[in-house]
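Student:
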Amino acid sequence: MNQLKIGMNIMLIGFMGAGKSAVSREMSRLYGMKAVEMDAMIEEREGMTINEIFASRGEDYFRSCETALLEELAGQSGLVVSCGGGAALRPQNVALMKKKGLVALLTASPETIYSRVKDSHDRPILNGNMTPEYIAGLMEKRKAPYRQAADVEISTDGKTVEEICRELWNWLSAYRQ
Ligand code: S3P
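Each residue of the sequence shown is one higher than the last, beginning at 1 in the working numbering.
1) Using DSSP bridges, identify the partner residues of E153.
2) Does the region 41–53 come close enough to the region 19–29 that 3 or more CB-CB pairs lie under 8 Å?
3) For A144, would you say it is in contact with chain D, using Cβ-to-Cβ distances shorter than 9 Å as the test?
4) Taking only the alpha-carbon atoms, compute the straight-line gap between K100 and N129 and give it to the nearest angstrom.
5) Considering only DSSP beta bridges, list what S82 is partnered with.
6) How far does the alpha helix (DSSP H) with I53 in it extend, from its first residue to its last?
7) Consider the C-beta atom of E66 and the heavy atoms of the ligand S3P; say whether any pair is separated by less than 8 Å.
8) Kindly indicate the opening and closing residues of the alpha helix (DSSP H) around K98.
9) Between A174, T156, M11, which has its C-alpha nearest L69's C-alpha?
10) Determine the contact status of W171 and Y31, defining contact as a CB-CB distance below 9 Å.
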């Protein structure tokens, strides 16, 4: 019972700062899955940071990179994918995530999110909008599409990364072999 059934992936979705990257790395360490960080892969392929991609090519171009990468990942297995915070907002992307993946939504309160992202400058969606109010408003707008995409929702407030991973792994018991 320590592997996912053949062909399956875990797709981590949720707002910026929800802990997707940290959980993906820890799932890899604890359970030997292969961690994939969508933003880092896109940056590497494009030879630019996310900020630079948004500035020089625009958000639509970045979103099309996400869709292309999800198409590719849907052909692989044993992955735990940290999806960019906007990736689950396109229904087409959600369909790709679900092709072989179980979608886990990580949540946190607006206060927790703000405290985690406030000193970062590498998220173009928040640059110039780094206030608790803006974050809370955008989280509210994204809540319904995130929930619609999710197979399971895990709150991360007050939990260690390892506790979150164990909770996720327990939920996955029906999908393990
Ligand atoms: C975005 C989230 C970011 C990154 C980009 C856009 C979003 O990823 O993909 O800046 O629209 O929520 P993280 O959620 O990993 O910060």
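For glycine and all other residues, C-beta sits at the position ideal for the given N, C-alpha and C.
Tutor: Well, looking at it:
1) L105
2) no
3) The chain labelled as chain D is not found in the depicted structure, where only one protein chain is given.
4) 35 Å
5) L12, E37
6) 50–56
7) yes
8) 91–100
9) M11
10) no
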